[in-house]
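Novice: Submitted below is the structure of interest, expressed as structure tokens.
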Amino acid sequence: MSKSNSPLNDFMNGIWKQNPIFKQVLGTCPTLAVTVSIVNGVAMGLATTFVLLFSSLIISMIKKLIPNQVRIAAYIVVIATFVTIVDIVMKAQFPDLSKALGPFIPLIVVNCIILGRAEAFASKNTVVRSGFDALGMGAGFTLALIVIGSIREILGSNKLFGFVVLPDTVEPMLIFILPAGAFLTLGILFGIANNYEQKKKDKEIQKAITAERSTKLVTAPASVQTETEEA
Amino acid sequence: MDAATAVELKNKTILTSTPHVHSKLSAQKAMWLVVISLLPPLVMGVIYFGLYQLVVVLAALAGAVMTESAIKYIRKQKITILDGSAIITGLLLGLIVPPGLNPVFAFIGSVVAIGFGKEVFGGLGYNIFNPALVGRAFLQAAYPVAMTTWSAPAMAVDTVTKATPLSLFKFEAIASKGGVDAMSLFLGNVGGSIGETSSIAILVGMVFLIAMKVLNWRVPLAMIVGLLLFSGIFWLIDPTKFASPIHHLFMGGFMFGAVYMASDWVTSPVTNKGIWIYGMAISLIVVMIRLFGGLPEGVMYAILIMNGFVPLINRYTKPVIFGAEK
Numbered sequence: 087m088s089k090s091n092s093p094l095n096d097f098m099n100g101i102w103k104q105n106p107i108f109k110q111v112l113g114t115c116p117t118l119a120v121t122v123s124i125v126n127g128v129a130m131g132l133a134t135t136f137v138l139l140f141s142s143l144i145i146s147m148i149k150k151l152i153p154n155q156v157r158i159a160a161y162i163v164v165i166a167t168f169v170t171i172v173d174i175v176m177k178a179q180f181p182d183l184s185k186a187l188g189p190f191i192p193l194i195v196v197n198c199i200i201l202g203r204a205e206a207f208a209s210k211n212t213v214v215r216s217g218f219d220a221l222g223m224g225a226g227f228t229l230a231l232i233v234i235g236s237i238r239e240i241l242g243s244n245k246l247f248g249f250v251v252l253p254d255t256v257e258p259m260l261i262f263i264l265p266a267g268a269f270l271t272l273g274i275l276f277g278i279a280n281n282y283e284q285k286k287k288d289k290e291i292q293k294a295i296t297a298e299r300s301t302k303l304v305t306a307p308a309s310v311q312t313e314t315e316e317a
Numbered sequence: 241m242d243a244a245t246a247v248e249l250k251n252k253t254i255l256t257s258t259p260h261v262h263s264k265l266s267a268q269k270a271m272w273l274v275v276i277s278l279l280p281p282l283v284m285g286v287i288y289f290g291l292y293q294l295v296v297v298l299a300a301l302a303g304a305v306m307t308e309s310a311i312k313y314i315r316k317q318k319i320t321i322l323d324g325s326a327i328i329t330g331l332l333l334g335l336i337v338p339p340g341l342n343p344v345f346a347f348i349g350s351v352v353a354i355g356f357g358k359e360v361f362g363g364l365g366y367n368i369f370n371p372a373l374v375g376r377a378f379l380q381a382a383y384p385v386a387m388t389t390w391s392a393p394a395m396a397v398d399t400v401t402k403a404t405p406l407s408l409f410k411f412e413a414i415a416s417k418g419g420v421d422a423m424s425l426f427l428g429n430v431g432g433s434i435g436e437t438s439s440i441a442i443l444v445g446m447v448f449l450i451a452m453k454v455l456n457w458r459v460p461l462a463m464i465v466g467l468l469l470f471s472g473i474f475w476l477i478d479p480t481k482f483a484s485p486i487h488h489l490f491m492g493g494f495m496f497g498a499v500y501m502a503s504d505w506v507t508s509p510v511t512n513k514g515i516w517i518y519g520m521a522i523s524l525i526v527v528m529i530r531l532f533g534g535l536p537e538g539v540m541y542a543i544l545i546m547n548g549f550v551p552l553i554n555r556y557t558k559p560v561i562f563g564a565e566k
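Protein sequence lines correspond, in order, to chains Z and A. Quick note: the first sequence uses this note's numbering, first residue 87, plus one each step. Quick note: the second sequence uses this note's numbering, first residue 241, plus one each step.
Structural data, given as structure tokens:
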């Protein structure tokens, strides 16, 4: 949870600090399945964001009316309503995309990100904060899908947004539009994200140690030094 | 013993846990012996498929060595190219791709083999799967067309594509003596991967490795016995439908897999009992894939699958401690 309660902070939380894919590892099933191209990734991200936003808003509005024992069932009813709206609208307006995403649009109902945010955030916070949190999570999810989708689209079919970007002489690696390529890409990105975080953490710890050491050195003589070294 | 003498003793002796093995054979020396043993298949591959195959093998070799050095450099570790393990991976990968493959693909395969097959797990000795086979499995999924275009032995004309004996058996339903006699299979004058067609060259390498005590003879023996047994059963059931065990033995990548791939020190079981289970199971999977699977050849996937089972095999074949009650 963020230190400050400002809505902007709630929004930024979802982008990186608690990114649903790279930090919470939620919703990996649609992530692996639909990121064959950027367009699919963006569509999936936007659909999820829509459902996430409205279900978070509604759930945080009615949180006091829902009996604790049946809360999950109640959340699912709310979520399923918006998923049905998305599914029907996409079938009518974007039949091609709807076909490409297949069963993964109806499956947003059981997407862990949405239920997770409803349980962990929307049911405990105000409507405004829940809304911004949902938007942040949705944006973080969409960004992750765009990154994975672009890598897989470039390597797997030489294209980006459907346009050919690599010359014909480069043969596309079919594996990247197959499930195995999805796992490979996601695994490498996890590795990079964790490595970055670890380095940042190490630096902070180092900084804290040196800061503490310098203050203690000023105030106390050598006997305290051993303590700080252990810390 | 007081603390001072204990410290003194500790400085003088090397304290390690059992087992203590005395051997003149270092990992480095063994690796170079394997490289030497790979020369006969390489030479036969060049004789049958043309000098161009050297380019393919060198591309794979370059990919392996460069990836290994780059990763060691980035991780600020000692660069260990001279221990030969990356060279072996590159050579092996170069020998199990189809002749005439685009060298760029061989290079990419090696990058994946070393990067994802080995270094991701922590380097030499930590990998679960045989790196060269990981690279080949990647290539198979990435470039399925290029990886299944087999040229005929180029003693005749260049770039003639020809079905391998395995796909003849599989898709043309040419039974038992399907167009190829066992002798040309044995010599290697058939379509197939660069280094795997010539069983006689592989046998030369095998004898050399066993003589040098690098190769545990149980691995190839267990696999050969298993293959003869399982394919023999089906052959006896219907000799017109299934290929003979001798054909199975010398077809495709089986001999190469048995000698160079399955026997990898890192990814094979440590106990002799375990090796028998491991070898027989590989052969069972090979026979199942060849006879009933969708692919003509299954040695690569069979070895990779059993690599995954090695920790389990090791656990269940652990020898009883001396003196323990049964």
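No residue lacks a Cβ here, since even glycine has one placed at the ideal position from N, Cα and C.
Compile a chain-ordered list of the residues in the segment 260-272 of chain Z whose CB is closer than 9 Å to at least one CB of chain A.
Specialist: Hits within the stretch, in order: L260, I261, F262, L264, A266, G267, L270.
Novice: Taking A:Y366 as the query, report the chain D residues whose CB atoms sit under 9 Å from its CB, ordered along the chain.
Specialist: You won't find chain D in this structure, because its protein chains are Z and A.
Novice: Considering only C-alpha positions, which residue in the set Z:F207, Z:F136, Z:L231, Z:T212 is nearest to Z:T114?
Specialist: Of the candidates Z:F207, Z:F136, Z:L231, Z:T212, the one whose C-alpha sits nearest the C-alpha of Z:T114 is Z:L231.
Novice: How many Å lie between A:G548 and A:Y541 at the Cα?
Specialist: One C-alpha to the other measures close to 11 Å.
Novice: I'd like the list of long-range same chain contacts for A:Q268, defined as Cβ closer than 6 Å, with 5 residues on each side in sequence excluded.
Specialist: Once the five neighbours on either side are set aside, the close Cβ partners of A:Q268 are D323.
Novice: Nearest by alpha-carbon distance to A:F490: which of A:K264, A:L468, A:L476, A:S503 is it?
Specialist: Considering only alpha carbons, the answer is A:L468.
Novice: Taking DSSP's pairing of strands, which residues face Z:L246 in a bridge?
Specialist: Paired residue(s): Z:F249.
Novice: Could you check whether the Cβ of A:Y383 sits closer than 8 Å to any Cβ belonging to chain Z?
Specialist: Chain Z, which has a Cβ nearer than 8 Å to the Cβ of A:Y383, makes this yes.
Novice: Provide the residue span of the alpha helix (DSSP H) that contains A:V383, from first to last.
Specialist: Just to set this straight, residue 383 of chain A is Tyr in the shown sequence, not Val. Premise fails: A:Y383 is in no alpha helix (DSSP H) and is neither H nor E.
Novice: According to DSSP, is Z:S300 part of a helix, a strand, or is it coil?
Specialist: Here Z:S300 sits in helix by DSSP.
Novice: What separation, rounded to the nearest whole angstrom, lies between the Cα atoms of Z:N211 and Z:P116?
Specialist: So the alpha carbons of these two residues sit roughly 27 Å apart.
Novice: Indicate whether Z:P106 and Z:F276 have their beta-carbon atoms separated by less than 8 Å.
Specialist: No, these two residues do not count as a Cβ contact at 8 Å.
Novice: What is the DSSP secondary structure of A:S391, counted as helix, strand or coil?
Specialist: In the structure shown, A:S391 sits in a strand (DSSP, three-state: E or B).
Novice: Can the beta-carbon of A:G233 be found closer than 8 Å to that of A:T557?
Specialist: The structure shown does not extend to residue 233 of chain A, since chain A is modelled only from 241 through 566, so no value can be given for it.
Novice: For Z:E298, would you say it is in contact with chain A, using Cβ-to-Cβ distances shorter than 8 Å as the test?
Specialist: No, because no Cβ of chain A sits closer than 8 Å to the Cβ of Z:E298.
Novice: Any heavy atom of the ligand FAD closer than 7 Å to the Cβ of Z:N99?
Specialist: Here there are no bound small molecules, and the ligand FAD is not part of this structure.
Novice: May I ask you to report which of helix, strand or coil DSSP gives A:E581?
Specialist: No statement about residue 581 of chain A is possible, as the shown extent of chain A runs from 241 to 566 and does not include it.
Novice: Run through chain A and tell me which residues come within less than 7 Å of Z:E283, C-beta to C-beta.
Specialist: Neighbours of Z:E283 on chain A: none; closest Cβ ~18 Å, over 7 Å.
Novice: Are the CB atoms of Z:I144 and Z:V164 within a distance shorter than 8 Å?
Specialist: Yes.
Novice: What distance in whole Å lies between the Cβ atoms of Z:G235 and Z:S123, which are believed to be in contact at a cut-off of 8 Å?
Specialist: Rounded, the Cβ-Cβ distance is 6 Å, consistent with contact.
Novice: Quick one, which of A:P371, A:W272, A:L273, A:I336 has its alpha-carbon nearest A:T307's?
Specialist: That would be A:P371, whose Cα lies nearest to the Cα of A:T307.
Novice: Contact criterion: CB-CB distance below 8 Å. Does A:F361 meet it with respect to chain Z?
Specialist: No - not a single Cβ of chain Z is within 8 Å of the one on A:F361.
Novice: Using only CA atoms, which one of A:A462, A:Y366, A:V374 lies nearest to A:V352?
Specialist: Measuring from the Cα of A:V352, the nearest candidate turns out to be A:V374.
Novice: Which whole-angstrom value describes the C-beta separation of A:Y288 and A:G497, a residue pair presumed to lie in contact below a C-beta threshold of 8 Å?
Specialist: Between A:G497 and A:Y288 the Cβ distance is about 19 Å, and since that is not below 8 Å, they are no contact.
Novice: Report all residues from its chain with a CB closer than 6 Å to the CB of A:K511; omit the five preceding and five following residues, and keep chain order.
Specialist: Note that residue 511 of chain A corresponds to Thr in the displayed sequence, not to Lys. These residues qualify, in order along the chain: T557.
Novice: Since Z:E290 meets chain A, which of its residues come closer than 7 Å, beta carbon to beta carbon?
Specialist: Correct list: empty, because the minimum Cβ distance to chain A is about 21 Å.
Novice: How should Z:P181 be labelled, buried or exposed, when 16 other C-beta atoms within 10 angstroms of its C-beta is the threshold for buried?
Specialist: The residue in question, Z:P181, is exposed, as its Cβ has fewer than 16 Cβ neighbours within 10 Å.
Novice: State buried or exposed for A:L552, treating a residue as buried only when at least 16 other CB atoms are found within 10 Å of its CB.
Specialist: Classification for A:L552: exposed.
Novice: Please confirm if Z:K257 has its CB atom under 8 Å from at least one CB of chain A.
Specialist: As written in the sequence, residue 257 of chain Z is Glu, which differs from the Lys given in the question. For Z:E257, the answer is yes, since a Cβ of chain A falls inside 8 Å of its Cβ.
Novice: Whose CA, out of A:V297, A:S277, A:I276, lies closest to the CA of A:V286?
Specialist: The candidate whose alpha carbon is nearest that of A:V286 is A:V297.
Novice: With a CB to CB cut of under 6 Å and the five nearest residues on each side skipped, what residues in its chain are close to Z:T152?
Specialist: One point to set straight first is that residue 152 of chain Z is Ile, not Thr, in the sequence displayed. Counting only Cβ-Cβ distances below 6 Å, and skipping sequence neighbours, we find A160.
Novice: Using 8 Å as the cut-off, can you tell me whether the segment 215-223 of chain Z makes contact with the segment 90-102 of chain Z, which would need three or more C-beta pairs spanning the two stretches below that distance?
Specialist: Judged by Cβ distances under 8 Å, the segment 215-223 of chain Z makes contact with the segment 90-102 of chain Z, as three or more pairs qualify.
Novice: Under 8 Å, Cβ to Cβ, is there at least one residue of chain Z near A:F378?
Specialist: True, the Cβ-Cβ gap to chain Z drops below 8 Å.
Novice: DSSP on A:S416, reduced to helix/strand/coil?
Specialist: Note on A:S416: pLDDT 42, under 50, position unreliable in the model; no value is reported.
Novice: Note down, one range per segment and in chain order, each alpha helix (DSSP H) of at least 4 residues found wholly within the segment 436-482 of chain A.
Specialist: Counting whole runs of 4 or more residues, the segment 436-482 of chain A contains the alpha helix (DSSP H) stretches 439-451, 458-477.
Novice: Would the segment 342-361 of chain A count as touching the segment 446-455 of chain A if we require 3 or more Cβ pairs under 8 Å?
Specialist: No, they do not touch.
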